[in-house]
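Following this note's numbering, the numbering of the sequence shown begins with 885 at its first residue and continues without gaps. The C-beta atom is built at its ideal place from N, Cα and C for all residues, glycine as well.
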Amino acid sequence: MQLYLRKLILLMTLMFWAGAAVANSDLPQVLSDSMMTGNDPGELVALAVKYEHAEGFPQDREKAAELYCRAARLGSPDALYALGWMYANGRGVERDDSIAVQLFLMAAEQGHAYAQKMIRYTPAILPSRLPACLQSDIEDKYEKAVLYPDDQVSKLVHKLAPDYQIDPRLVLAVISVESGFNTQAVSPKNARGLMQLIPETAQRFRVKDPLDPEENIKGGMAYLRWLLAFFKGDVTLVAAAYNAGEGAVEKYRGIPPYQETVSYVEKIRMRYKKSTHPYQSDIVNRTSVIVSSNSVEN
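Right, dumping it as structure tokens:
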């Protein structure tokens, strides 16, 4: 784990300075009062860079972190990446690798080129969370942008979720990763619909038309409910099993070492912050031998 983190931070450092050298050439040379108090994310990032690297100002990394946070709340992937770098290196903030990972993942999701290249080195098992300055704002905006792009699907999920005793946010996270809210999505493995049900899973949970949004969601929720019971509410194991199958998770006693599954679990964790979920123990004949001890039974 530590070796991975050291490689990650070294790579981030090189990428950050390369990116900063290019970005700094485009920064305004004169800072107006509006840049100090305004809501332009680009200007806030430009100002943060100057405070962070003492360019025309006394170095103030805490101020830089504050400005990056403001820009991140306004949707800047550059700010997310730069703030992640500060957390990874303990510059202006207390070092926290889990926060750094979360910020890099979010920046990558928003198309930040350096973050997309860098996250392949991120340890998949590292817990991730948001810094306090973003928890009350960025999380809501990010979830709305990523999890709720289709109001009709969202409404349908919220309507059906209580019948399966599943948090609709978990279902929406799965839909977001599986199909991107495309009701007609079909994968090369013939997984179909919003929750990408393969024929065996569709048959198992009595889904006749997996391209019908309501049928598909019902089948996907039924499978999630079963997985939650089998893994006693461990969301990480449930996500891994939804992608690779419960057999693979039991075989490897955790997340299978498949790049697709590792990436899938990270994407679900990025969208759904809870590590455990209530479950119904009476719908399975047995539970997995590798389940978390922090589970909550319904």
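Near Arg975, which residues of its chain fall below 7 Å by C-beta distance, leaving aside the five closest residues on each side in sequence?
Arg945
Please state the DSSP three-state secondary structure of Ala905.
At Ala905, the pLDDT of 40 sits below 50, so the modelled position is not reliable and the matter cannot be decided from this model.
Quick one: residues in its chain with C-beta nearer than 6 Å to the C-beta of Ile1174, no 5 flanking neighbours on either side, listed in chain order?
Arg1137
According to the neighbour-count rule (16 or more other Cβ atoms, all chains shown, within 10 Å of its Cβ), is Glu1144 buried or exposed?
exposed
By DSSP, does Ile1009 sit in helix, in strand, or in coil?
Because Ile1009 carries a pLDDT of 45, less than 50, the predicted location of this residue cannot be relied on, and no value is offered for it.
Would you list the residues sitting across from Arg1170 in a DSSP beta bridge?
DSSP output for Arg1170 lists no bridge partner at all.
On the premise that Ala963 lies in contact with Val929, defined as a C-beta separation below 8 Å, what is that separation, rounded to the nearest angstrom?
Right, the Cβ-Cβ distance comes to about 5 Å (below 8 Å), so this counts as a contact.
For the alpha helix (DSSP H) containing Lys947, name the first residue and the last one.
Residues 945 to 957.
Using the rule of at least 16 other Cβ atoms within 10 Å of the residue's Cβ for burial, across every protein chain shown, is Lys1158 buried or exposed?
exposed
With distance defined between alpha-carbon atoms, name the residue in Met1079, Glu950, Leu1040, Ser1063 nearest to Pro1015.
Checked all of Met1079, Glu950, Leu1040, Ser1063; the closest Cα to Pro1015 is Glu950.
Give the straight-line distance between the Cα atoms of Glu978 and Gly968, rounded to the nearest whole angstrom.
12 Å
Here's the rule I'm using: 16 or more other beta-carbon atoms within 10 Å means buried, otherwise exposed. How should Asn1100 be labelled?
buried
Between Ser960 and Pro925, is the Cβ-Cβ spacing less than 9 Å?
Remark: C-beta atoms of Ser960 and Pro925 approach each other more closely than 9 Å.
On the DSSP bridge list, what partners appear for Arg1076?
Val1070, Leu1081
Measure the CB-CB distance between Leu1054 and Lys1102 and report whether it falls below 9 Å.
no
Is it buried or exposed for Glu1084, if we count other Cβ within 10 angstroms and need 16 for buried?
exposed
Can the beta-carbon of Ala1189 be found closer than 9 Å to that of Val1149?
Beyond the ends of the chain as shown, which are 885 and 1182, falls residue 1189; an answer cannot be given.
Per DSSP, which one or two residues make a beta bridge with Asp1118?
Thr1160
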